[in-house]
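Accompanying notes for the structure given below.
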Amino acid sequence: SDDWREETMYLDTEEIGEWEMLPDVCLLHIFKYLSDGDRSRASLVCHHWHKIMRLPCLWRCRSFHLSGRLSKYKQSEHLSTVSYADNLGVFLESLEVTVCPPRSVVLAQRLHNTICGLLNTLVRVRAPLKSLSIVRLELDRSSWGQGLRNTLVNKLIYFLLEGPSRLKNICLIRIRTETQQGLELLSAIVQNQRNLSPFCSLSSLDLRGFFSATVPNQLNRSIPQTLQKLQGLTHLALSYSWLSDELLLALSESIRARRVNYGRDGNFLESFSLYCTQNEPHQQVSRVVYGYSWATLVSSSPDLKVRLTLEQIVDTHELVRILLPEIPLVEYNMTAFYSIDENCSAKPLLQTILPWYRHSLQNLTLDLSNCSESLDDELLELVNVCECLVDLRVWAFLEISTVSRLLHIRMTKRMSLNKIKVRIYTMVENIEEQEDQLMEILSPFCYPPELQFLAVICPYI
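1 is the number of the first residue of the sequence shown in UniProt numbering; add one for each residue after it.
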């Protein structure tokens, strides 16, 4: 590529030995997959390899997994992260930090020192970051303490306001900030984009689990006003507790304003992902989200695709409030463990609610502990009516014969359904007989090459 030629044109053309005969493009491809230790050893093989190892394209992406724990077998997390940023941060374009949430004050203090040191160093070396991901800080844990929380959030704000980064992607999953701190951090993200406009704009923002789980964010009017200022977003992911009519209308207004400024050439919201769990406020009782708000958003962004993930929500009344017909739903993921009663049943979902999206639904994942009710017929009928389904994953108590019926629907009606994974739960510990029965049922089928199919029997634990 042109980038590679530009980076390698400055290499010395001195005579090379037999260890140096491998083409540079091959070396770059191999070095890209080596660990830090292997890269260090490879750079000592010869002078040419050492020069190749210093090319920026090998150091543009980096992932750190931080726990705060010490090990006598490897370098401390603080030293390794800060040293990397100090020596190679000038090349860094994509940074991912995954945190193991601390269970003690000591671990929290070490994590605090490491993350703050990393952010300080990135600002000092002027790292040209385009993508930043910090996952699972969980600042609402008592081990952090108010002082460490405040310092970490302030350091993130400092990084966003003072760093040279041209961020296009920001992922802050499960940071769990307090409301005021979270709003200040959102304002810093907006200011970061204003400083870079019009040369660069944020295209992807993932804030699932951004606020503490106990905060009903849909009541806070500052959130829609802040997100409305981010006009270049194409991908947005939020917890469902953010959702309100005001938020949907603010996003719609932001898209319309961008169309006025940039016409058809601008970037507009294409993907909107929502994550809803029983542990977070999601009922929106005092302020119901209405279908007209969704319809307004869709009218301003006709190509919008919504992805929804629900955990531990089976109550029919709650599902009806969440799954409105006006939503352009393309992906639905659900995990639910429940005992049957008049409100907790997956049948209304499969029979009535999900068929509303038969013209748009493409990906469906269901993990159901339906030991007290049969869902075979309802599932098959749903697959039968969903015209656009391409990926189906089901973990449930099902009859083995249902797999055969499902394959028949795929072969005769749903040719685009090319990814099918079925895990059949059973209360029986010895599953050999059921596995033999499954193999016997599947043996007559001749799968087309494009079909990725898997069906297994799994004891329910």
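All C-beta atoms in this analysis are idealised placements derived from N, C-alpha and C, irrespective of residue type, glycine included.
Since the structure is predicted, the reported quantities are computational estimates derived from the model, not experimental observations.
Just checking my contact of residue i with residue j at CB under 8 Å: how many whole Å lie between their CB atoms?
i, j, result
"S94", "R60", "6 Å"
"F272", "V306", "5 Å"
"S239", "E280", "6 Å"
"I322", "C276", "6 Å"
"K168", "C200", "7 Å"
"F337", "Q362", "The pair is not a contact, with the Cβ atoms about 26 Å apart (cut-off 8 Å)."
"C171", "S133", "4 Å"
"V99", "V135", "7 Å"
"L243", "L205", "Not really, about 15 Å apart at Cβ, beyond 8 Å."
"M415", "Y460", "Not confirmed; about 33 Å, so no contact."
"E326", "G291", "4 Å"
Tell me the DSSP secondary structure of residue i in three-state form.
i, result
"M21", "coil"
"C458", "strand"
"A346", "coil"
"W59", "coil"
"T214", "coil"
"V314", "coil"
"E93", "coil"
"K72", "coil"
"D206", "strand"
"C116", "helix"
"P166", "The amino acid at residue 166 is misidentified as Pro; the sequence shows Arg. Correct three-state label for R166: coil."
"V125", "coil"
"Q452", "strand"
"R307", "strand"
"F64", "strand"
"S43", "coil"
"N333", "strand"
"F173", "First, the amino acid is wrong: residue 173 is Ile here, not Phe. Here I173 sits in coil by DSSP."
"P444", "coil"
"I52", "helix"
"I134", "strand"
What number of angstroms, rounded off, separates the C-alpha of residue i from the C-alpha of residue j?
i, j, result
"L58", "H408", "48 Å"
"L251", "V394", "33 Å"
"F91", "T114", "20 Å"
"L413", "N384", "Looking at the sequence shown, residue 413 is not Leu but Lys. Going from the Cα of K413 to the Cα of N384 covers about 7 Å."
"P128", "A85", "11 Å"
"R258", "S187", "19 Å"
"I420", "E450", "11 Å"
"V285", "M411", "Unreliable positioning characterises V285 in this predicted model, as indicated by a pLDDT of 44, which lies under 50. The coordinate reading is nonetheless provided below. Their backbone Cα atoms lie some 44 Å apart in a straight line."
"V289", "H317", "14 Å"
"L398", "T335", "16 Å"
"residue 540", "S443", "Given that the chain is displayed from residue 1 to residue 461, the structure contains no residue 540 and the question cannot be resolved."
"V314", "L304", "26 Å"
"residue 523", "K155", "Past the edges of the chain, shown from 1 to 461, lies residue 523, and the structure says nothing about it."
"Y26", "K32", "Looking at the sequence provided, one finds Cys at residue 26 rather than Tyr. Going from the Cα of C26 to the Cα of K32 covers about 10 Å."
"R176", "F211", "4 Å"
"residue 520", "F159", "Since the first and last residues shown for the chain are 1 and 461, residue 520 lies out of range."
"T151", "L202", "25 Å"
"I431", "S372", "20 Å"
"R62", "T81", "10 Å"
"S83", "N261", "43 Å"
Inset, instruction - Tell me the start and end of each unbroken alpha helix (DSSP H) in the stretch 230 to 298 that is at least 4 residues and wholly inside, in chain order. - result: Unbroken alpha helix (DSSP H) runs of no fewer than 4 residues, entirely contained in the stretch 230 to 298, are found at 245 to 262, following chain order.
Legend entry - Three-pair Cβ contact test at 8 Å for the stretch 101 to 115 versus the stretch 138 to 152: yes
Inset, instruction - Please determine if the stretch 399 to 415 and the stretch 434 to 443 are in contact, where contact requires at least 3 C-beta pairs separated by less than 8 Å. - result: yes
Inset, instruction - Count the C-beta pairs between the stretch 40 to 58 and the stretch 71 to 78 that are closer than 8 Å, then say yes if the count reaches three, no if not. - result: no
Legend entry - Segments of 4+ residues assigned as alpha helix (DSSP H) that fall wholly inside the stretch 361 to 433: 376 to 385, 400 to 412
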